[in-house]
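Residue numbering for the sequence shown follows full-length UniProt numbering, starting at 1 and increasing by one per position.
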Amino acid sequence: MIDKELIKNISTKPGVYFWKDKDDNIIYVGKAKNLKARMKQYFDPNMKNSYKTQKMLEETSSFETFVFETETEALIFERSCIAKYKPKCNVVLPTQATFPYICVEKNKNNLQISLKNKYKKNPNAIYYGPLVKGKEYKELIKYLIHLLKSKDGLIINKMSEEEVNNAFLKAKKILKFDTDFKNQLQNKIHFWVENMEYLLAKQYKQIYELIYNKQNQQNLVLKTSKDLDVFGFYVTKYKIFISILHYRAANLINKSDFWFNLNSLLEDFISHFIEEYYAKNFIPEHIILPSEYQNLFINEELKKHLVFKNNKIYQNMLDIAYENAKNDLENKISKLEKDNQLEQTIEKLSKILEHDANKFVIFDNSFMANTNEIVGAAFLYENGKLLKNHSRSFILKKEKGNEADLYYMYQNAYKFLKNNSDLVNIIFVDGGIYQIKSIEKALFELEINKPVFGLIKNNKHSFATLINEQNQQIEINDFDVFNFLTKIQFQVDKYAKNWFNKRHFKSIVNNSLENIEGIGKKTINKLLEHFLTYENIYLASQDELEKIVSKKIAKKIKQLT
C-alpha cells in the first residue's frame, strides 16, 4: 500500500492517475478535475469507500499521474488508457446486458429494416429501443417495411438514392411512434373490424400492443416526446444497484438493471459506469440523474444530455427509478455474491498457475474415424464467464495418419489465435502434453507468447489432472478451482461433440437419399421444393411422399427411417 504522504506534492490541475501493483501492472485508471484532491479522497475514512476500494489500495504499490491543462484532455486520455490497459478494477458492463433494437439502415440502393441485438453508432442508421427481450417483433418489422418501402402495394427492393433518403427521413418520424402513429394504428384496427377482416385487425392490434403495451403504461403523463433515460441508484456500504428506465416518445418501453461491488469512490464509479454504458448503447436526448450527481466528471458529449431539473414530473420518474434499483434486493445480492465467489475462484486459479487467469480460451476438437466431419471449438472466458459472442467453432481440414488429432488441435488454435490472441492471457487445452505441443506450434508460427495448460481426463471422462508445458502436474487443493476447471472442460467438450453429431447426422441424411437407386439430384430437389428440409422428407408419411415420387421410391425412403 502506498504512503498517502506521497500525494502531498501532486498537482491540483486536471489529470489522470494510475494505481499500480507490485509488478507495475496498472490496476485502476481514474480522472480528476483536481488530481491532488481526488487522490487524497481514497484515504479519507468519511468518504463512501467499500472493502473493494480498500482491497485495491492494499494491492497498490505505486502510482503514476498525468497532468493536463483542461478537463477535456484528461477525459480523452482516461478513456484511451482504459481501452488500452483494461485495468481489472475499472467498471466493466456485464456482457449479458444487451437488448434488441429496431434498426433502419440506409445504403446507396436500399433501406434495411431489421431487429439488431446490439446498438452501434452509425450516421446512416436509426435505432428504436432498447426493446424487451422475448417479444415477437416480426409483424411490426413487416409493417415498417410496408410503410417505408412499398409502392402501389409492392415492396421495392432496389431504390434510387433519392427514394432511400426520403424513406430514411420518413423513418425518423415514424420511429418516434408518436400520437399520429398511434391514431393511425387504432383507425386501421377499427377499419378491419368493421369489415370483418379479423386476422388483419389482429395483426394491427398486436403491433399496437407491442408499442403501447398496457403493462408498460405509467401513471405519469409526460409533456415531452423526447427520448429519456432515467437513472436510479441505491447504494449500500459495499455495493451499488442501478436501474435505468427507458422512455421513448413518452412511453416507458423497458428497464435495465445492474449491480456491482463498489471498487472505487462513488462519484468515480458512477461517471465510469455512465460513460461505459453509453459507449455501447443508444444515447437519448435527455439522461435524467439525481441532483446530487451534478458534479460528475464526465465527457462533454454526454454532459450535453444530462438533466438535473428538479421539477415534479422528473422527480417522480427519479423516485420510480430509485424504487426499481432498490427492488428485489435479496435476489440481486445473491447473484452478486455468486459473482464474488467466481471472482475469488479466478484469483485462486491465477495464483496456482502463476499467471493472470481473468481472460483465457479453451480448445477442444471432435471427430470420428472414417468420417469427413472434423470440428473444433474455442471457448473464450472473461472473469470466469463464458463470452458466447467471442467464442468460435471451426470446420477443420481432414488429415490422414496417426497424428491427425494433433493436427486438428493445431488448426483449431491457429484459426482462433490468428485474430483473437489479444483477448486471452492464458490457454487451456482439453488434452495432455501432445495437445499442448500442437498449440505451441500454432503460437510459434504466429509469433505469440502465451502460457498453455492441459486438462487431462480420467477413465470416467471427467477432469482429473492439470499439467503445464513441461508436462508437470500442478496440484489443485482448492475445491472451487477444481470444480471450475471441470465445468469449463465439460462445456467445451459437450459443445464440440454436439456440433460434430449435428454435422455428421446431416451428412448421413444428405447422402442417404442419393444412395437410393432411382433417385438423382433432380428428384431430391423436387422433394426439397415440397418438403423444404431433409428432416421433413424423412418425417413425411408414405402417402405424402407418393404425391411427389413413385410408390416404389416412397417405400424405399420410408425404409431408411
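Each residue gets a CB set at the ideal place from its N, CA and C atoms; glycine is no exception.
At the C-beta level, Phe18 and Val29 come within 7 Å of one another. Between the C-alpha atoms of Ala540 and Glu373 there is a straight-line separation of about 27 Å. Leu265 is not a Cβ neighbour of Gln54, given a cutoff of 7 Å.
Beta-carbon to beta-carbon, Ile27 and Thr65 are separated by about 15 Å, too far to satisfy the 8 Å threshold. When DSSP states are grouped into helix, strand and coil, Val164 belongs to the helix group. Listed in chain order, the beta strand (DSSP E) elements of length 3 or more contained wholly in the segment 264-310 are 286-288. Spanning the alpha carbons of Leu147 and Glu71 requires a straight line of approximately 46 Å. Distances from the alpha-carbon of Ile10 to those of Lys4, Leu35, Asp21 put Leu35 closest. Within the DSSP secondary-structure output, Leu545 pairs in no beta bridge. Counting along the chain, the unbroken beta strand (DSSP E) around Leu380 starts and ends at 374-382. Here Asp227 is buried. Its C-beta has 16 or more other C-beta atoms within 10 Å. Per DSSP, the beta-bridge partners of Ile242 are Phe233, Phe258.
DSSP places Val67 in the uninterrupted beta strand (DSSP E) bounded by 62-67.
The secondary-structure analysis by DSSP pairs Thr465 across a beta bridge with Ile456. Put simply, the backbone Cα of Ala32 is about 8 Å away from that of Lys13. A contact between stretches requires three or more CB pairs, one per stretch, nearer than 8 Å, and the segment 415-429 meets this requirement with the segment 443-458. Using a Cβ distance threshold of 7 Å, Trp192 and Leu200 count as a contacting pair.
Counting along the chain, the unbroken alpha helix (DSSP H) around Ala74 starts and ends at 71-85. Shortest Cα-Cα distance from Asn498 to any of Tyr414, Leu513, Asp364, Ala404 involves Asp364. Between the alpha carbons of Glu546 and Glu514 lies a distance of about 18 Å. For Gln473, the beta-bridge partners assigned by DSSP are Ile467. Runs of the alpha helix (DSSP H) spanning 4 or more residues and lying entirely within the segment 103-163 occur at 138-149, in chain order.
Phe479 sits exposed, since fewer than 16 C-beta atoms from the chains shown fall within 10 Å of its C-beta. For Glu73, the closest alpha carbon among the candidates Glu300, Phe444, Gln344, Leu466 is that of Glu300. Using a Cβ distance threshold of 7 Å, His246 and Pro130 count as a contacting pair. A Cβ-Cβ separation of about 50 Å leaves Ile467 out of contact with Ile516 under the 8 Å criterion. Taking all protein chains in view, the Cβ of Tyr198 is surrounded by fewer than 16 other Cβ atoms within 10 Å, so the residue is classified as exposed. In the DSSP assignment, Ser393 falls within the beta strand (DSSP E) that extends over 392-395. The shortest C-alpha to C-alpha distance from Ile474 to any of Gln203, Asn316, Leu349 is the one to Leu349. Beta bridge pairing from DSSP links Arg248 with Asn251. With respect to the C-alpha of Asn183, the residue from Asn124, Glu209, Tyr381, Leu443 having the closest C-alpha is Glu209. When secondary structure is reduced to three states using DSSP, Asn365 falls in the strand class. A distance below 7 Å separates the beta carbons of Phe258 and Ile242. Measuring C-alpha to C-alpha distances from Lys149 to each of Asn109, Lys397, Arg38, Lys304 identifies Asn109 as the nearest. Bridge partners of Val429 according to DSSP: Phe363, Gly454. Tyr28: member of the beta strand (DSSP E) spanning 26-32, first to last residue.
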